[in-house]
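Contents: one structure, followed by commentary.
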Amino acid sequence: MNSSELIESFKEFAKMKGIDRPTMIKILEDVFKTMIRKQYGDDATFDVIINVDAGDLEIWRYRQIVADDAEDFDPQTQIHLTDAKKIEEDFEVDEEVAEAVEIDFFGRRMVQTARQTLIQKVKDLEKKVLFDQYKERVGELIMGEVYQTLHREFIIIDQDNNELSLPRNEMIPKDRYRKGDHIRAVIDRVEMNNNNPKIVLSRTSPLFLRLLFENEVPEIFDGLIAIKNIVREPGERAKVSVESFDDRVDPVGACVGMRGSRIHSIVRELQNENIDVINYTENLDLMIRRALSPAHIAHININDEEKRVEVTLPQDQVSLAIGKNGQNIKLASKLVGYEIDVFREMEGEQEEDMDYDVMEFNDMFEDWMLQEFKRIGLDTAGAVLDHKVEELERRTDLEEETIIAIMEVMKRQFEEDKKSSNGSSRPQINNNAADEDNMDDLVDYSDDIDEYQETETSVAEDVDLSTFNAVIEDWVIDEFKKAKLNTVNSILSISREEVIERTDLEDETVDEVLAAINK
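The sequence shown runs 1 to 519 under UniProt numbering.
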């Protein structure tokens, strides 16, 4: 192979890989200088001149002319006068000789090695370019096609024909895709594994949900509405707090859309994940009430130092606050950034029966005055009386005299109720610090949350499927657990056909599992 053939073949390969001209020349120079160092030990006295367009390669060697009997002769940097005159008769001592070196001089094996080195360098450069390209695209929403389904991941081909990885643990549990299906995901991270770039996608990231909202809600894309926070239990439930920068735009209504048109497309993409869109407020008391919706909270006690909140609810509201598998309270805690402890009122309490909606006092006060209390999350007379006048004056647009007058009327109403109910008193709970006497009448419901998080009744003799990991692969066990088939009894209690349908596994795989657990 001569130099022009080598240059031409490399040029075509580099062009196919999208390598620019300066980079191509730099790679060629580096490879040929490596050849020179292997042959001569040093490349300091050599020049490599490459014309990619013409396919030309020139290697020049420069040496100093010395007398034939010169001492300390260095053949790498010096040449005897006799040898120099063979190149050109007019050369004299101390002049510099420029000698062309043909590529054939390096031998066929070394030239072939150079060719392989060129190809490898281009491949390495291609990997680096791919890594850098997708590193800048982290957080971007992409559409791809399922190319291959493996045990632990799906291989996705994007529009640039690059292979991306979607691990099963980054998929929504209800996701079911087959080869050729189109799929949307967010570029979560880019890693280098054994010098190979790995682009990892995610459908469980909160960022994925944020990007879906930006696509569906123009007001978010235009900056009229901001997403303050997103928390998710992928495939089950999510809470999204939103804020409007335009008083004319309702952030919740804009996100939901006319008859739910906008939110429904997002819910379908997330395999029917329930999404709560919440109007953000800096009023922590009100934000907690909104985050725990649909439960109605009786009292809230906030501890800013410990970042904990105690919420007290009527007994019939506790399960709503906790939610299925504890999802509602867990997501609410993450959304507001406070650990939430749930307390329930004892059955004997008359508090709820004795309380009044603030609007029931509109026969004595104007509606807008009472609406000021509702605006800050105080919907009942009892909730208003739990706050000090100074705090209410600061948080509402009401004057001190007006607040005092309203509170006096509310107090008189409760006193009348107290007399009519044979002296039964309404319990008072301070919003800033729970009174010890009153807390005795409350039941700490925090320990009961675990009961709501269990979806299957545990059986003493039952065996967890994970104990069979020596004979059943981990990814298969994961598929069973996603289908809520965590134990031997839960699997054997249903038919083989139902197991196949719920896990979406191949018949042979299910049969292997059944054979293993039946042993």
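Note that beta-carbon positions come from the ideal geometry of N, C-alpha and C, so glycine has one too.
9 Å Cβ cutoff, residue i in contact with chain C
i, result
"Asn301", "Protein chains in the displayed structure number just one, and chain C is not present."
CA nearest to the CA of residue i, picked from the options
i, options, result
"Leu211", "Gln133, Pro294, Thr503 and Met143", "Met143"
"Gln317", "Glu345, Gln327 and Pro251", "Glu345"
"Asp222", "Ile230, Val249, Arg232 and Lys239", "Val249"
"Ile472", "Ile103, Ser319 and Asp511", "Asp511"
"Gly326", "Gln315, Asp341 and Pro314", "Asp341"
"Lys388", "Glu163, Glu400 and Ile494", "Glu400"
"Glu216", "Asp247, Arg178, Met192 and Val256", "Val256"
"Val463", "Glu243, Met359 and Thr487", "Thr487"
"Ala516", "Ala470, Glu360 and Glu506", "Ala470"
"Glu305", "Ile288, Glu339 and Leu292", "Glu339"
"Ile220", "Val190, Val231 and Gly253", "Gly253"
"Ile227", "Ile278, Val309 and Asp188", "Ile278"
"Ala383", "Val240, Asp285, Ala67 and Arg178", "Asp285"
"Lys481", "Thr503, Thr312 and Ile300", "Thr503"
"Met171", "Phe468, Lys330, Glu360 and Asp478", "Asp478"
"Ile297", "Tyr280, Thr380 and Asp42", "Thr380"
"Asn301", "Val309, Asp53 and Leu57", "Val309"
"Glu145", "Lys174, Arg184, Val190 and Lys330", "Arg184"
"Asp56", "Ile25, Asp42 and Gln78", "Ile25"
"Asp132", "Val111, Glu191, Arg109 and Gly107", "Glu191"
"Gln315", "Ile329, Ala295 and Asn303", "Ala295"
"residue 545", "Asp124, Asp160 and Arg189", "Residue 545 lies beyond the stretch modelled for the chain, which goes from 1 to 519, so this question has no answer here."
"residue 523", "Asp507, Asp474 and Asn518", "Because residue 523 is not part of the residues shown, which for the chain are 1 to 519, the question remains open."
"Pro173", "Arg289, Arg137, Glu269 and Gln116", "Glu269"
"Arg290", "Lys239, Ala483 and Glu360", "Lys239"
Other residues of its chain near residue i: CB distance less than 6 Å, five sequence neighbours each side excluded
i, result
"Leu485", "Ile491"
"Tyr147", "Ile155 and Ile157"
"Ala114", "Val31 and Met35"
"Asn229", "Ser241 and Leu335"
"Leu292", "Ala321 and Ala332"
"Asp69", "none"
Proximal residues to residue i (C-beta, below 8 Å), its chain only, five neighbours per side dropped
i, result
"Val186", "Gly139, Glu140, Leu141, Ile142, Leu201, Ser202, Arg203, Ser205, Leu207, Phe208 and Leu211"
"Asn283", "Ile376, Gly377 and Arg395"
"Leu385", "Met407, Met410, Lys411, Phe414 and Gln428"
"Phe91", "Ile65, Leu81, Ala84, Lys85 and Val97"
"Val267", "Glu273, Asn274 and Ile275"
"Phe245", "Gly223, Leu224, Ile225 and Ala226"
"Met110", "Met35, Lys38 and Gln39"
"Met369", "Leu398, Thr402 and Ile406"
Cβ-based neighbour list, residue i, same chain, cut-off 7 Å, excluding 5 preceding and 5 following
i, result
"Glu454", "Low local confidence applies: a pLDDT of 42 at Glu454 is under 50, so the model's placement there is unreliable, with the coordinate-based value given in what follows. Closer than 7 Å at the Cβ level, and outside the excluded window around Glu454, lies no residue."
"Val48", "Glu29, Phe32, Lys33 and Ile59"
"Ile403", "Val389, Leu392 and Glu393"
"Arg262", "Glu216, Val217, Cys255 and Val256"
"Thr77", "Thr45, Arg63 and Gln64"
"Ile19", "Val122 and Leu125"
Nearest-angstrom beta carbon gap, residue j and residue i [assumed within contact, 8 Å]
i, j, result
"Lys307", "Gly337", "7 Å"
"Arg168", "Arg152", "6 Å"
"Ile27", "Val122", "7 Å"
"Leu150", "Ile199", "The Cβ separation is near 15 Å, so there is no contact."
"Leu505", "Val476", "7 Å"
"Pro197", "Leu130", "5 Å"
"His299", "Thr281", "Between Thr281 and His299 the Cβ distance is about 19 Å, and since that is not below 8 Å, they are no contact."
Buried/exposed call for residue i, threshold 16 Cβ in 10 Å
i, result
"Ser333", "buried"
"Glu416", "exposed"
"Glu501", "exposed"
"Ile364", "The residue you asked about is not Ile; residue 364 is Met in the sequence shown. When all chains shown are included, Met364 counts as exposed."
"Thr82", "exposed"
"Ala44", "exposed"
"His182", "exposed"
"Lys128", "exposed"
"Glu366", "exposed"
"Val93", "exposed"
"Lys179", "exposed"
"Gly323", "buried"
"Thr467", "exposed"
"Phe343", "buried"
"Pro251", "buried"
"Ser213", "Checking the displayed sequence, the identity of residue 213 turns out to be Phe instead of Ser. That one is buried."
"Tyr445", "Any answer about Tyr445 is weak, because its pLDDT of 40 lies below 50 and its placement is not dependable; what the coordinates show is given next. It is buried - the Cβ of Tyr445 has at least 16 other Cβ atoms within 10 Å."
"Ala67", "exposed"
"Asn328", "buried"
Legend entry - Segment contact, 8 Å Cβ cut-off, at least three pairs: the region 56-74 with the region 92-105: yes
Inset, instruction - Report yes or no: do the region 228-240 and the region 266-277 share at least 3 C-beta pairs separated by less than 8 Å? - result: yes
Inset, instruction - Specify whether the region 68-76 and the region 100-111 touch according to this definition: at least 3 beta carbon pairs, one from each stretch, less than 8 Å apart. - result: no
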